[in-house]
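I have placed the structure first, in the form of structure tokens, so that the comments after it can refer back to it.
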Amino acid sequence: MKVLAFFRRKRFWYLLLVVILTVLLFVYVSARTGFRFSQINAERFTEYMESLGLAGRLLGIVLVVAQTFFPFVPFVLVAGANVAIFGMKWGFVVNYSMSCLGAVLAFYVARYYAHDWVVRKISHFPFVQSFNKRLSTDGFFYIFMGRLIPILPSSAISFGAGLTQISFRYFFWATIIGKLPIIILESMIAHDFIHFQKYKGRFLVLLAVFAVLIYAGNLFKKRLNQKNKIS
Numbered sequence: 001m002k003v004l005a006f007f008r009r010k011r012f013w014y015l016l017l018v019v020i021l022t023v024l025l026f027v028y029v030s031a032r033t034g035f036r037f038s039q040i041n042a043e044r045f046t047e048y049m050e051s052l053g054l055a056g057r058l059l060g061i062v063l064v065v066a067q068t069f070f071p072f073v074p075f076v077l078v079a080g081a082n083v084a085i086f087g088m089k090w091g092f093v094v095n096y097s098m099s100c101l102g103a104v105l106a107f108y109v110a111r112y113y114a115h116d117w118v119v120r121k122i123s124h125f126p127f128v129q130s131f132n133k134r135l136s137t138d139g140f141f142y143i144f145m146g147r148l149i150p151i152l153p154s155s156a157i158s159f160g161a162g163l164t165q166i167s168f169r170y171f172f173w174a175t176i177i178g179k180l181p182i183i184i185l186e187s188m189i190a191h192d193f194i195h196f197q198k199y200k201g202r203f204l205v206l207l208a209v210f211a212v213l214i215y216a217g218n219l220f221k222k223r224l225n226q227k228n229k230i231s
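Using full-length UniProt numbering, the first residue of the sequence shown is number 1, and each one after it goes up by one.
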């Protein structure tokens, strides 16, 4: 019954519509442009990013850390820039390592330098507050799940954890383990989008997996809200 109720919610249908329209758009553009679509994304975009040289590499690194602090764009866009600059292997390394570094910095900023500011910001988001309450008893599990599936923005988890009594050790290991699969997925999505003509089949599969993770994140949030009402 809970699953059926979720399917009736507008948010699910909006998500499904976005995924379907995105897939149809990629298929349509690919069919109309043929090889030119691949050439624009794989060659010209990559060449442009590589032409920036050291400045482009430094920019890609800084953008990951900045996005981890303040998610001004979806992470997959930043991941795509680094995949274009560094290639798939080293692009993933940059995305993963800098994302983890940004999370650690946000944790320390909230705990030692901007505690009151973070409290004021989080006070506007009841779900973030309820999520933080769980960290005092099951911190590793909730941070791990928050990294693995889209429950909250990464910055909200990192800043929120810094306000709690969770040890840095638990925060660190839950972060680096939980972030690994999702950043691999997002880096591969970005890579396959750039090389869409060559990897379009895998790209659509990865996009579907990402949609399932969003769905799982919504179910997790709903269950957590129900637990909070009971308690």
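Beta carbons: idealized from backbone N, C-alpha and C, even for Gly.
Cα-Cα separation, Ile176 to Ala156: 16 Å
Start and end residues, alpha helix (DSSP H) containing Gln67: 53-69
Every unbroken alpha helix (DSSP H) within the stretch 74-160, with a cutoff of 4 residues, ordered by chain: 75-108, 115-122, 126-148
Between the CA atoms of Tyr112 and Val119 - distance to the nearest angstrom: Distance from the CA atom of Val119 to the CA atom of Tyr112, rounded to whole angstroms, is 13 Å.
CB contact flag (Phe220, Ala174, <8 Å): no
Residue from Pro126, His124, Gln165 with nearest C-alpha to Asp138: Taking only the C-alpha atoms, the option nearest Asp138 is Gln165.
Euclidean distance between Cα positions of Val104 and Ser97: So the alpha carbons of these two residues sit roughly 11 Å apart.
Lys175 - DSSP class collapsed to helix/strand/coil: The sequence given here has Thr at residue 175, not Lys. Annotated three-state conformation of Thr175 is helix, per DSSP.
Gln165 - DSSP class collapsed to helix/strand/coil: coil
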